[in-house]
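What follows is a set of notes on a single structure, which appears directly below.
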Amino acid sequence: MSKQAIKFYNRPAGGWGALKSVLHTIREQGVMVRGISTLLKQNQPDGFDCPGCAWPDKNHHSTFEFCENGAKAVAAEATERRIDRAFFEQYSVTELNTRDDYWLEAQGRLTEPMRYDATRDRYVAVSWDDAFELTGQHLNALASPHEALFYTSGRTSNEAAFLYQLFIREYGTNNLPDCSNMCHEPSGTAMKEQVGIGKGTVTLEDFDHAEALFIFGQNPGTNHPRMLGTLREAAKRGCRIVVFNPLRERGLERFADPQSPLDMLSGDGTKIASSYYQVRIGGDMAVAIGIAKAVIEAGVIDADFIEEHTSGFEDFLAMIDAQMWEHIEEQSGLSEAQIRDIADIYMASNATICTWGMGITQHKHSVATIQAIINLLLLKGNIGKPGAGACPVRGHSNVQGDRTMGIYEKPSVDFLNKLGKAFDFVPPQEHGHDVVGGIEAMLKGEAKVFIGMGGNFASATPDSDRTRAGLRQCDLTVHVTTKLNRSHLEHGKDALIMPCLGRTEVDNQVGGAQGVTVEDSMSMVHISAGMNTPASEHLLSEPAIVARMAAATLKNSKTPWLWMIEDYDRIRDKIAEVIDGFNDFNHRVHVPGGFYLGNSARDRKWVTATGKALFVPNPVPGDMPITALRRQHTGKQIFNLMTVRSHDQYNTTIYGLDDRYRGVFGQRRVCFINKHDLEKLGFAAGQWVDMTSVWHDGERKALRFKLVEYDIPPGCLASYYPETNNLVPLDSMADRARTPASKSVPVVLTLSSDQQEAA
1 MSKQAIKFYN
11 RPAGGWGALK
21 SVLHTIREQG
31 VMVRGISTLL
41 KQNQPDGFDC
51 PGCAWPDKNH
61 HSTFEFCENG
71 AKAVAAEATE
81 RRIDRAFFEQ
91 YSVTELNTRD
101 DYWLEAQGRL
111 TEPMRYDATR
121 DRYVAVSWDD
131 AFELTGQHLN
141 ALASPHEALF
151 YTSGRTSNEA
161 AFLYQLFIRE
171 YGTNNLPDCS
181 NMCHEPSGTA
191 MKEQVGIGKG
201 TVTLEDFDHA
211 EALFIFGQNP
221 GTNHPRMLGT
231 LREAAKRGCR
241 IVVFNPLRER
251 GLERFADPQS
261 PLDMLSGDGT
271 KIASSYYQVR
281 IGGDMAVAIG
291 IAKAVIEAGV
301 IDADFIEEHT
311 SGFEDFLAMI
321 DAQMWEHIEE
331 QSGLSEAQIR
341 DIADIYMASN
351 ATICTWGMGI
361 TQHKHSVATI
371 QAIINLLLLK
381 GNIGKPGAGA
391 CPVRGHSNVQ
401 GDRTMGIYEK
411 PSVDFLNKLG
421 KAFDFVPPQE
431 HGHDVVGGIE
441 AMLKGEAKVF
451 IGMGGNFASA
461 TPDSDRTRAG
471 LRQCDLTVHV
481 TTKLNRSHLE
491 HGKDALIMPC
501 LGRTEVDNQV
511 GGAQGVTVED
521 SMSMVHISAG
531 MNTPASEHLL
541 SEPAIVARMA
551 AATLKNSKTP
561 WLWMIEDYDR
571 IRDKIAEVID
581 GFNDFNHRVH
591 VPGGFYLGNS
601 ARDRKWVTAT
611 GKALFVPNPV
621 PGDMPITALR
631 RQHTGKQIFN
641 LMTVRSHDQY
651 NTTIYGLDDR
661 YRGVFGQRRV
671 CFINKHDLEK
681 LGFAAGQWVD
691 MTSVWHDGER
701 KALRFKLVEY
711 DIPPGCLASY
721 YPETNNLVPL
731 DSMADRARTP
741 ASKSVPVVLT
751 LSSDQQEAA
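Position 474 of the sequence shown, counting from 1, maps to 474 under the UniProt record's numbering, and the rest follow consecutively.
As structure tokens, this is what we get:
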């Protein structure tokens, strides 16, 4: 573990620092030989798909197709450390709950199913048969299927996700909250309405032909580092890369490719962003509207494309004309001159890609922001031609695939009809709970069983103190997982931990070793087959766990659950029968690199209400939540807080305590703040502060965070999640998409009473 320090990082992202970090992680997990051999199979045609991010693979014959954070995920899964029944004899659940998330993750792989024993406050071993029978008993005892919630993490394979949603719908509910509800739900909502499909319209090859890349609210260096290789290639051939981000992120400034001898020897790397604009938190919508205004004023639009392929343009023009530059400047944090400079880059480009991440999707006005970005693309016909399009960059490796497989609380009638026909049952039609609705249902006592297919629901969700209270009210909580996390400790009256195989491990079934499939951010579907011996002989695969849970619950089901998991080709045959685009699935997925699902908008086929792409005239928000709160509380200095990942984590999984690129070492409880705000408050870097949210239903507190002076716009703060997720109010969410507004949390800072150990 690094010594606690705050020190500026002036080297490029990647490079020797990344290699050193990978070797340290592999050594720390005790898997030097196996870890390295495993990494050589990562993202290879005959290997396994990275369990980390969903960035696509470019070279399917390259020796190295992994990044630093992907390597950390693999090393953590391949670790020699184990959690067995002796571990739970040593620690009570109460004691485990006092440990931090990093310590919990570091204890290693779970080895056998466990059940909570309330009399001893400990988890004790249970047989798989008894675990499934107990789950079925609880589910069948409910007054209604709608009293159960079935959560899905984005790491779940297509095969497991398909079986899972089938089980849940045969059980009788559409209560399928999933991690998409917390990340890219606004992307799907916005794009489906505008261009007829909620997925990105580009392929990786388009990045080779783009003349400009506009990157909104994204930090590839930490969240999907393999994207930096793509950006490096684009920058080196002269593509203009324009970045919009409140924070100065090292990976968007300069990158040294560990596979480039020149980069490694020089130590300088490649400049990524040709222009870097530090917008105010939540100001991206105003930026996109300002660019559109400048473009329209200059008359540099694709009139033929607009006439043939779009509707709503006249209303959009009227909205743009009504926007005042003063308001655009105020909301964006950029000047009119800066925005006109950006518009010049856009107008000069014949092919532009816009990418975005959760810095865009986790705001109240996120759907409108994405639609403003799509409007901008439509102005110059930048959808459906080489080197151009919309690219929402997903998080977990199969979060997009899970939604494709039917993990959705609001399924279409067409999908339900096909599912019912394929399995001879009548699926429920009533829409189910999303994540926020599920938490509310638990708190009201309306949801009594929670089953989580992966993930860390107790930590990943907003208003996490209330989420944990909801989980504790359940009659039963069940978690399918590889490692111990906070959700297993914030349990129901009855609780089960079901340990599963990891992505890197051999999955042997009756029909032999099996592979599973995943879908990346650009709609490529790949096969993934593990190579390592399972961490324990007692582990089951996710498809096997789902099938056995279903068989134990649905005693009269016509679905041959156990037969289907003997050979996953049987599952894929049923997927091909139900899901569009998966015809001849078993043949196509074995082609090296997999296959492309296709995209209607990319083909300029607009599956919308008008049969054309739609301009949506959303004006610059007149009153952001933070603005209204500042007006209501004139005596307080209210900041806008964005929750972010550190470099040593993936979602809520903490791999270490360093955030190398931001210069934070050996610690996580930090708050990044502008130096002028420090002076205004009369505070100093290194002091400890408490953060208190400002919201209509009361205060939420996160205690003792170290102030770190950082290059961030005035009035804005950043701090790591999950430590600050309890500050995000449950009803602070995206309009229409209900995604938690975790990137715009109104807070005030006060000095902590204990200033000891402040640096």
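Beta carbons are placed, not taken as given, at the ideal position from N, Cα and C, and that holds for glycine.
Over what stretch of residues does the alpha helix (DSSP H) that includes Phe305 continue unbroken? Here residue 305 refers to the residue found at position 305 when the sequence shown is read from its first residue. Unbroken alpha helix (DSSP H) run through Phe305: 303-309.
Thinking C-alpha only, which one of Ser646, Phe313, Val478 is nearest Lys612? Along the sequence shown, one-based indexing puts residue 612 at 612. Nearest of Ser646, Phe313, Val478 to Lys612, Cα basis: Phe313.
Does the distance from the CB of Pro177 to the CB of Val435 come in under 8 Å? To locate residue 177, count along the sequence shown from 1; it is residue 177. To locate residue 435, count along the sequence shown from 1; it is residue 435. Their beta carbons are under 8 Å apart, which means Pro177 touches Val435 by this criterion.
Three or more C-beta pairs closer than 8 Å, one from the segment 385-404 and one from the segment 130-140: is that the case here? no
Rounded to whole angstroms, what's the CA-CA distance from Ala75 to Ile26? Just pull it up for me. Position 75 of the sequence shown holds residue 75. Position 26 of the sequence shown holds residue 26. Looking at the two C-alpha atoms, the distance is approximately 6 Å.
Count Cβ pairs between the segment 353-369 and the segment 294-307 that sit closer than 8 Å; are there 3 or more? no
Under the rule that 16 or more other beta-carbon atoms within 10 Å means buried, what is Gly200, buried or exposed? Reading the sequence shown from its first residue, position 200 is the one you call residue 200. Buried, because 16 or more other Cβ atoms sit within 10 Å of the Cβ of Gly200.
Identified DSSP bridge partners for His361: Residue mapping note: residue 361 aligns to position 361 of the sequence shown, counting from 1. Correcting the residue identity first, residue 361 is Thr in this sequence and not His. Thr361 is not bridged to any residue.
Could you work out which residue in Met733, Val279, Gly282, Asp257 is closest to Lys271 when comparing CA atoms only? Within the sequence shown, residue 271 is the residue found at index 271, counting from 1. Lys271 has its Cα closest to that of Asp257, out of Met733, Val279, Gly282, Asp257.
Straight-line Cα distance separating Phe255 from Asp268: In the sequence shown, residue 268 corresponds to position 268, counting from 1. In the sequence shown, residue 255 corresponds to position 255, counting from 1. Spanning the two alpha carbons is a distance of roughly 8 Å.
Extent of the continuous beta strand (DSSP E) to which Met114 belongs: Working through the sequence shown from its first residue, we reach residue 114 at position 114. Where Met114 is concerned, the enclosing beta strand (DSSP E) stretches over 114-117.
Who are Phe672's beta bridge partners in DSSP? Along the sequence shown, one-based indexing puts residue 672 at 672. In DSSP, Phe672 forms a bridge with Val708, Ala718.
Using a threshold of 8 Å, state whether the C-beta atoms of Asp569 and Asn556 are closer than that. Taking the sequence shown and counting its residues from 1, one reaches residue 569 at position 569. Taking the sequence shown and counting its residues from 1, one reaches residue 556 at position 556. No, the pair does not count as a contact, with Cβ atoms beyond the cut-off.
Express the C-alpha separation of Ser719 and Gln756 in angstroms, rounding to a whole number. Taking the sequence shown and counting its residues from 1, the one referred to as residue 756 is at position 756. Taking the sequence shown and counting its residues from 1, the one referred to as residue 719 is at position 719. Taking the straight line joining both Cα atoms gives about 20 Å.
Keeping to the same chain, check which residues put their C-beta closer than 6 Å to that of Glu505; ignore five residues upstream and five downstream. Position 505 of the sequence shown, counting from 1, holds the residue named residue 505. Gly530, Asn532, Pro534.
When we look at the beta-carbon of Lys112 and count the other beta-carbons within 10 Å, is it buried (16 or more) or exposed? Numbered from 1 along the sequence shown, position 112 holds the residue referred to as residue 112. Note that residue 112 is Glu in the sequence shown, not Lys. That one is buried.
Nearest residue (CA-CA) to Leu484, options Arg99, Lys3, Ile6, Glu28: By one-based count along the sequence shown, residue 484 stands at place 484. The residue with the shortest Cα to Cα distance from Leu484 is Arg99.
Would the beta-carbon of Tyr710 fall within 8 Å of that of Tyr9? Within the sequence shown, numbered from 1, the residue matching residue 710 stands at position 710. Within the sequence shown, numbered from 1, the residue matching residue 9 stands at position 9. Contact: no.
Considering only residues of the segment 448-504, which uninterrupted alpha helix (DSSP H) runs meet the minimum length of 4 residues and lie entirely inside it, listed in chain order? 457-460, 464-473
Which of helix, strand or coil DSSP assigns to His696: To locate residue 696, count along the sequence shown from 1; it is residue 696. Of the three classes helix, strand and coil, the one that applies to His696 here is coil, per DSSP.
List, from N- to C-terminal side, the alpha helix (DSSP H) runs of 4 residues or more that fit wholly inside the segment 339-408. 358-361, 366-379, 399-404
Presumed contact (8 Å Cβ cut-off) between Asn158 and Met405, rounded CB distance: Along the sequence shown, one-based indexing puts residue 158 at 158. Along the sequence shown, one-based indexing puts residue 405 at 405. So it is a contact: roughly 5 Å between Cβ atoms.
Backbone secondary structure at Trp688 - three-state DSSP: For this step, residue 688 is matched to residue 688 along the sequence shown. Residue state, collapsed to three classes: strand.
Is the segment 171-188 close to the segment 576-585, with three or more CB pairs under 8 Å? no
Would you kindly report the start and end of the unbroken alpha helix (DSSP H) that includes Asp130? The count along the sequence shown starts at 1 and reaches residue 130 at position 130. Where Asp130 is concerned, the enclosing alpha helix (DSSP H) stretches over 128-141.
Whole alpha helix (DSSP H) runs in the segment 556-636 with 4 or more residues, listed along the chain? 561-564, 568-578, 585-588, 625-632
Reference Ala458, options Thr553, His488, Glu95, Lys558, closest by Cα: Here residue 458 is taken as the residue at index 458 of the sequence shown, counted from 1. Checked all of Thr553, His488, Glu95, Lys558; the closest Cα to Ala458 is His488.
Using alpha carbons as the reference points, say which of Ala628, Glu233, Ser92, Leu707 lies closest to Arg120. On the sequence shown, residue 120 is found 120 positions in, with the first residue counted as 1. That would be Ser92, whose Cα lies nearest to the Cα of Arg120.
What residues in its chain sit with their C-beta under 6 Å from that of Asp494, if we drop five residues either side in the sequence? Numbered from 1 along the sequence shown, position 494 holds the residue referred to as residue 494. Closer than 6 Å at Cβ, skipping near neighbours: Leu476.
Burial state of His61 (16 or more Cβ within 10 Å): Here residue 61 refers to the residue found at position 61 when the sequence shown is read from its first residue. Low per-residue confidence applies at His61: pLDDT is 48, beneath 50, and the placement is therefore not dependable, though the value from the model is reported in the following sentence. With fewer than 16 Cβ atoms within 10 Å of its Cβ, His61 is classed as exposed.
At which residues does the beta strand (DSSP E) containing Pro746 begin and terminate? Here residue 746 is taken as the residue at index 746 of the sequence shown, counted from 1. Start and end: 745-751.
Within this structure, are the beta carbons of Val616 and Gln194 separated by less than 8 Å? Residue mapping note: residue 616 aligns to position 616 of the sequence shown, counting from 1. Residue mapping note: residue 194 aligns to position 194 of the sequence shown, counting from 1. A contact, by the Cβ cut-off of 8 Å.
From Glu211 to Pro543, what does the alpha carbon distance come to, in whole angstroms? Position 211 of the sequence shown holds residue 211. Position 543 of the sequence shown holds residue 543. Straight-line Cα distance between these residues: approximately 43 Å.
As a quick exercise: from Ile565, Ala551, Thr643, Gln687, pick the residue whose alpha carbon is nearest that of Ala513. Taking the first residue of the sequence shown as position 1, residue 513 is located at position 513. Here the closest residue by C-alpha is Ile565.
Where do the ends of the alpha helix (DSSP H) carrying Phe423 lie? As a first step, residue 423 is located in the sequence shown; it is residue number 423 there, counting from the start. Counting along the chain, the alpha helix (DSSP H) containing Phe423 begins and ends at 413-423.
Residue nearest to Pro713 in terms of C-alpha spacing, selected from Phe639, Ser412, Glu147: Residue mapping note: residue 713 aligns to position 713 of the sequence shown, counting from 1. Comparing Cα positions, the closest option is Phe639.
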